[in-house]
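In my numbering, the protein residues as written are 8 to 449.
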Ligand SMILES: Nc1nc2c(ncn2[C@@H]2O[C@H](COP(=O)(O)OP(=O)(O)OP(=O)(O)O)[C@@H](O)[C@H]2O)c(=O)[nH]1
Ligand SMILES: [Mg+2]
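Set out below in structure tokens:
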């Protein structure tokens, strides 16, 4: 039986490296390296240093010149590191060469993110999706000195020592076969998950309620928002990728309208494509929602870039054209009003919010109401007593504006979500309703 080895127990000290190839990339590379620092800290690995390297002449084997590579390996050794982490993607061959030359574990940003997801995955669905992504990452890398896959207990060359190279092609072949088998099993099980989610979604459609998905960059405050809106108790913390599973709760707005709100997985720059692929079943909650609540951490210097990153992933999922309410969160951390105004000017009518102080919460509720009303129709009805079920439906789903009795009938003015409109058609007495029945009004 193969298991995925936990890295934190193995790694004592890490050197971070961010390589860039053009002077114009320097600022971005520096910011990505800072983010890598956060990612690695989230993983619980102590960092010795972080180095930004400008590569003028590349060498496909090392990503950079051989001399530069040697310099960095010497630096890692002098700092007492046992692991080097690149912000750049490494090919399986580059990774192996660096490991051989340094005698250390060498990993890249993608592997770090995969490991965080692995650490966070709690439910069966999340576990399956993470496993699938990690296995596809590991498959071409099984011959690494320090592989993901390790034999647990029994069998030669196992335990926690690095899987020795030169064990022979056959061992590698066995590893690959087992890895492929596990990938197939995970894929098959994920099809079941997808089917189950589709069934759940169909059930929701029978009693459809507007559905908004909270999306955004990792750590923007999505879960905190769901908790504040609905009293849910999703874990929200100052760590990257605190949430890997979706949580859906019902929200009743002050004007009585109801909607479902879903908290989703956060995105990040250079989010491994295989994670997006593997997490499609979960991310579909965002694609299937009627509208998006896009939460942005307004306090960060790169708020706009993070917004673009989220939009790019949404685009990949086919959800970027959905109706969207932008929420600029954490405004308590932005004392500079000019800066806030500048950021605000990039969006159409955003909500300025602080979930810490509660400022902007009323505006958020109001904008949600308006958004939903957009999808509501106003009806004038004459309902016979036999249709008290429709009165109940109005109370549950719509907003009662006025009602009075006329003989045994109820005369009602109401707004209801558009999707319920047809249920009321036979009882409409407004012009649109009369016209739809083919009766001319005079
Ligand atoms: N100062 C301040 N902190 C906030 C605000 N909203 C959320 N936070 C903090 O930001 C951190 C991240 O919040 P989460 O709700 O976990 O963020 P998330 O978007 O769900 O993050 P992931 O699940 O990792 O994608 C937590 O420590 C929150 O307490 C805010 O308005 N102001
Ligand atoms: Mg969260």
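We put the beta carbon where it would ideally sit given N, CA and C, even for glycine.
Predicted model only: the values in this text are computed from it and were never measured.
- Exclusion of residue 240 from the 7 Å shell around ligand 2 follows from its C-beta lying no nearer than that to any non-hydrogen atom of the ligand.
- Secondary structure of residue 412 (DSSP, three-state): strand.
- The nearest non-hydrogen atom of ligand 2 is less than 7 Å from the C-beta of residue 250.
- Under DSSP, residue 218 forms a beta bridge with 267.
- Not one heavy atom of ligand 2 lies closer than 7 Å to the C-beta of residue 219.
- In the DSSP assignment, residue 331 falls outside any alpha helix (DSSP H) and lies within the beta strand (DSSP E) extending over 330 to 336.
- If you look at residue 325, you'll find it isn't in any alpha helix (DSSP H); DSSP assigns it neither H nor E.
- In the three-state DSSP reduction, residue 433 falls in the helix class (H, G or I).
- A distance below 7 Å between beta-carbons, with the five flanking residues on each side excluded, links residue 357 to the following residues of its chain, in chain order: 333, 334, 335 and 351.
- The continuous beta strand (DSSP E) containing residue 259 extends over residues 254 to 259.
- Between the region 227 to 239 and the region 103 to 122, the count of C-beta pairs closer than 8 Å stays below three; the two stretches do not touch.
- At least one heavy atom of ligand 1 sits closer than 7 Å to the Cβ of residue 273.
- In this model, residue 437 and residue 387 are separated by some 5 Å (Cα to Cα).
- The C-alpha of residue 36 is placed about 31 Å away from the C-alpha of residue 134.
- CA-to-CA, the gap between residue 426 and residue 259 works out to about 18 Å.
- In terms of Cβ geometry, residue 298 and residue 337 do not form a close pair [threshold 8 Å].
- One thing to note: residue 243 has its Cβ within 8 Å of the Cβ of residue 230.
- Within the region 44 to 95, the complete alpha helix (DSSP H) segments of 4 residues or longer fall at 73 to 85, listed in chain order.
- Here residue 399 is exposed. Its C-beta has fewer than 16 other C-beta atoms within 10 Å.
- Closest in C-alpha terms to residue 141, from the list 124, 261 and 306, comes 124.
- Counting C-beta pairs with one atom in each stretch, the region 267 to 280 and the region 390 to 406 have fewer than three that are closer than 8 Å, which means they do not touch.
- A residue is called buried once 16 or more other Cβ atoms fall within 10 Å of its Cβ, and residue 406 is buried on that count.
- Look at residue 60: its beta carbon is at least 7 Å from all of the heavy atoms in ligand 1.
- DSSP links residue 420 through a beta bridge to 387 and 409.
- The C-beta separation of residue 267 from residue 218 comes to about 5 Å, placing the pair in contact by the 8 Å criterion.
- In this structure, residue 21 lies near residue 88, with their beta-carbon atoms less than 8 Å apart.
- Relative to the non-hydrogen atoms of ligand 1, the Cβ of residue 243 comes within a distance shorter than 7 Å of at least one.
- By the neighbour-count criterion, in which a residue is buried when 16 or more other Cβ atoms sit within 10 angstroms of its Cβ, residue 264 is buried.
- When C-alpha distances from residue 53 are compared across 61, 60, 30 and 43, the shortest belongs to 43.
- With a threshold of 7 Å, the Cβ atom of residue 129 does not count as near ligand 2, since no heavy atom of the ligand is closer than that.
- Assigned with DSSP and collapsed to three states, residue 112 falls in strand.
- Taking 8 Å as the upper bound for CB-CB distance, residue 247 and residue 293 are not in contact here, some 19 Å apart.
- Ranked by how close their Cα comes to the Cα of residue 45, the residues 23, 280 and 104 have 23 in first place.
- CA-to-CA, the gap between residue 68 and residue 100 works out to about 7 Å.
- According to the DSSP secondary-structure assignment, residue 299 is paired through a beta bridge with 220 and 331.
- Spatial neighbours of residue 416 in its own chain (CB-CB distance under 8 Å, excluding positions within 5 residues in sequence) are listed in chain order as 389, 390, 391 and 392.
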